[in-house]
Each structure stands twice: as structure tokens, then as C-alpha cells.
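First up is the structure itself, then whatever we jot down about it.
In this note's numbering, the protein residues as written are 178 to 518.
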């Protein structure tokens with residue numbers, strides 16, 4: 178009851194922020210004290226709409242160089258033009274990617290790395306929700322392929338650059354996995370790796386929740402590995418809040434719209450939805466914090482299953498084995514900067 182009241186009223190938590198805090202407010206506080214000589218570079222997936230576009234706008238407005246990986250390049254150009262109308266000096270780089278395709282992710286990473294840019298921040302924000310069972314070109318269930326596997330591989334292939342950048346700049350690298358409170362809906366019996374790849378029965382909401390649980394487990398295990406390596410890079414997961422994003426708009430109808438109208442007092446604006454991502458990616462308060470879960474710009478509790486170290490390590494090993502076996506790397510060889518600990 179107390180938590181609900183705090184959410185509805187926007188009462189600030191220990192961080193000084195709450196559910197009503199906007200991304201602009203967070204970024205203004207966090208970046209105002211940063212030396213101008215250190216321009217940050219951030220990659221934001223899913224930045225062609227919704228929370229991702231708002232995150233990109235807010236970062237660019239504060240002088241962060243923003244790379245937008247996009248499947249729809251026209252949408253990305255529209256976002257870029259909108260950002261630069263507000264912030265003419267903003268540096269926005271658009272590169273093509275399909276996060277459901279391992280080959281496309283490889284191409285994107287090769288193209289980005291060839292630019293010779295540093296990488297301080299990686300925000301794994303893109304999300305896919307499908308009411309019907311669909312498969313990626315790699316023959317993997319599309320929601321899991323996009324929301325989890327794609328971001329896992331993207332992180333894996335860019336981690337070396339992030340570790341290098343952090344070492345050279347003495348600025349801690351930040352990885353943010355955008356998850357969801359809906360991960361709480363997943364129990365152990367519905368979290369089997371082989372069934373996630375190719376389910377015999379399909380429920381869109383459950384598939385989405387499973388992918389969001391995987392995002393948290395990924396953050397937990399990679400945080401453990403980075404700490405063991407003494408790498409100056411952190412990774413955390415966030416719940417942005419309930420925002421009417423493009424995922425919902427794709428499935429609008431009388432029932433959906435009516436429910437959102439009735440729940441309007443619980444909904445966040447897009448800027449409020451992007452606030453927690455910006456807080457974890459930028460705040461001095463989150464320096465050194467890794468493997469945590471945040472909501473409303475404060476550290477929060479995730480499900481018991483999401484907190485299991487053994488489950489996180491098992492998922493990591495299964496994912497690495499899939500990548501080794503089917504697509505990319507000879508067994509025993511790591512992507513530069515990655516670890517199989």
C-alpha cells in the first residue's frame with residue numbers, strides 16, 4: 178500500500194527522484210557537473226520511438242554523441258531531424274541493424290567499431306511484443322531473439338570497446354538493460370531455454386515476460402564477470418514503468434484503449450518512462466553499482482528467480498553455447514573483451 182501511494186504521488190525515494198521524475202530532470206542534474214572535455218558516446222537501441230527516442234533526445238541535448246541502431250532507417254532519420262531541430266549541435270549517428278538477426282548484429286558492430294569512436298554507454302532498450310508466434314531468420318522465436326539474444330550478442334561484441342574506453346578515459350562504462358516488472362510473472366517451469374527458442378505453445382505476454390526476465394539474469398551474470406575481471410564497466414537492469422509505447426500502439430483496440438484510459442493515473446509519460454534509464458546510465462549515485470534492478474530511479478527488488486545466481490550463470494552458458502554452436506565463434510574463442518567465466 179505504501180509503495181502504491183509513493184508511486185501515485187511521485188514521492189521521492191533515497192535517490193531524490195521518484196515516479197514523476199522526468200529524464201530531462203535526471204540528465205540536467207547528472208551532466209551539469211561533467212567536464213565538457215569528455216564527450217560521452219552512447220548507443221541506444223529502440224530509439225526510433227517511445228522511451229528509446231526520448232532517451233536519445235535527452236542525452237543528445239546534453240552533449241552526448243548518440244548512435245541509433247535502426248531497422249527502419251527512415252524512422253531513425255525522422256528522430257534525428259527532430260532532435261537536431263531542438264539541439265542543432267547534437268551529433269546523431271544512424272547505423273542499420275535488425276536485432277533479431279545475428280548476422281545483422283555482426284555487421285552493425287563491425288561498422289560501429291570501424292568508426293574508431295569510444296563507447297561509454299550502451300542502452301539495450303529495444304523491445305518486441307508479438308501476439309502470434311513468429312520466428313527470426315535464425316529460426317528462433319522472435320520476441321526472445323530480439324529482446325534478449327540480440328542484446329546479449331550486441332553487448333558481447335561491444336564489451337571490449339567499452340572496457341577499453343573506460344580504461345583510457347577513466348570514466349566508468351555503463352550498460353543498461355531495459356526490462357519490465359512483468360518479469361515477475363515467470364515461474365521456473367516456464368523458463369526452459371530450449372522451449373524459449375522454439376515454443377510448442379505460445380502466449381505473447383508470457384514470451385515478453387520471459388525475455389524481460391532473461392534481460393535481468395543477463396545483467397546479474399555479466400556484472401559478476403566484470404567484477405571478477407576488475408573491469409570499470411557496470412551493467413544494471415531497469416523497469417521504466419507503465420508507458421503507452423509503440424508496443425501497445427501496435428495492438429490498439431477498444432479493450433486496450435479502454436484499459437489504458439481507466440489506468441491513466443498509473444501511466445507514466447514517455448519522459449518519466451525514460452528517467453530511470455537515464456538515472457542508471459548517468460548518475461554519480463550509481464557509480465560502482467552493478468547487477469542491480471532499478472525502478473522509479475531507485476534500486477528496487479526483482480523476483481526471486483531473477484535473483485538466482487545459478488539461474489543467471491546457467492542462462493549465460495546456454496546462450497554462449499548457442500552462439501558458438503550455430504553462428505559465430507569457434508568453441509573456446511571469445512569476442513574481444515568478453516568472458517566465459
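Virtual Cβ for every residue (Gly too), placed ideally from N, Cα, C. Please read all numbers here as calculations on a predicted model, not as lab measurements.
Query: Does residue 388 pass the burial test, meaning 16 or more other C-beta atoms within 10 Å, or should it be called exposed?; Result: buried
Query: Starting from residue 359, follow the alpha helix (DSSP H) in both directions and report where the run begins and ends.; Result: Here residue 359 belongs to no alpha helix (DSSP H), and DSSP marks it neither H nor E.
Query: Is it buried or exposed, residue 380, if we count other Cβ atoms within 10 angstroms and call 16 or more buried?; Result: exposed
Query: Kindly identify the DSSP beta-bridge partner or partners of residue 312.; Result: 318
Query: For residue 306, which three-state DSSP category applies?; Result: coil
Query: Taking the C-alpha atoms as reference points, what is the distance between residue 124 and residue 341?; Result: Residue coverage of the chain in this structure runs from 178 to 518, which leaves residue 124 outside it and unanswerable.
Query: Restricting to Cα atoms, I'd like to know which of 457, 410 and 487 is closest to residue 333.; Result: 410
Query: Beta carbon of residue 235, beta carbon of residue 200: below 8 Å?; Result: yes
Query: Assuming residue 222 and residue 300 make a contact with CB atoms under 8 Å, what is their CB distance in whole Å?; Result: 7 Å
Query: For residue 420, which beta-bridge partners are listed by DSSP?; Result: 445
Query: Cα separation between residue 310 and residue 385?; Result: 12 Å
Query: Going by the beta-carbon positions, is the gap between residue 354 and residue 414 smaller than 8 Å?; Result: yes
Query: If residue 270 sits next to residue 281, beta carbons under 8 Å apart, how far is it from one beta carbon to the other, in whole angstroms?; Result: That belief does not hold up - the Cβ atoms of residue 270 and residue 281 are roughly 17 Å apart, past 8 Å.
Query: I'd like to know whether the C-beta atoms of residue 394 and residue 467 end up nearer to each other than 8 Å.; Result: no
Query: May I ask you to report which of helix, strand or coil DSSP gives residue 279?; Result: helix
Query: As a quick exercise: from 484, 294, 453 and 478, pick the residue whose alpha carbon is nearest that of residue 189.; Result: 453
Query: Mapping the DSSP letters down to three states, classify residue 260 as helix, strand or coil.; Result: helix
Query: Alpha carbon to alpha carbon, how far is residue 448 from residue 420? Give it in angstroms, no decimals.; Result: 9 Å
Query: Within the continuous beta strand (DSSP E) that includes residue 470, where are the two ends?; Result: 470 to 472
Query: Distance, Cα to Cα, residue 503 vs residue 391?; Result: 20 Å
Query: Identify whether residue 243 lies in helix, strand or coil by the three-state DSSP scheme.; Result: strand
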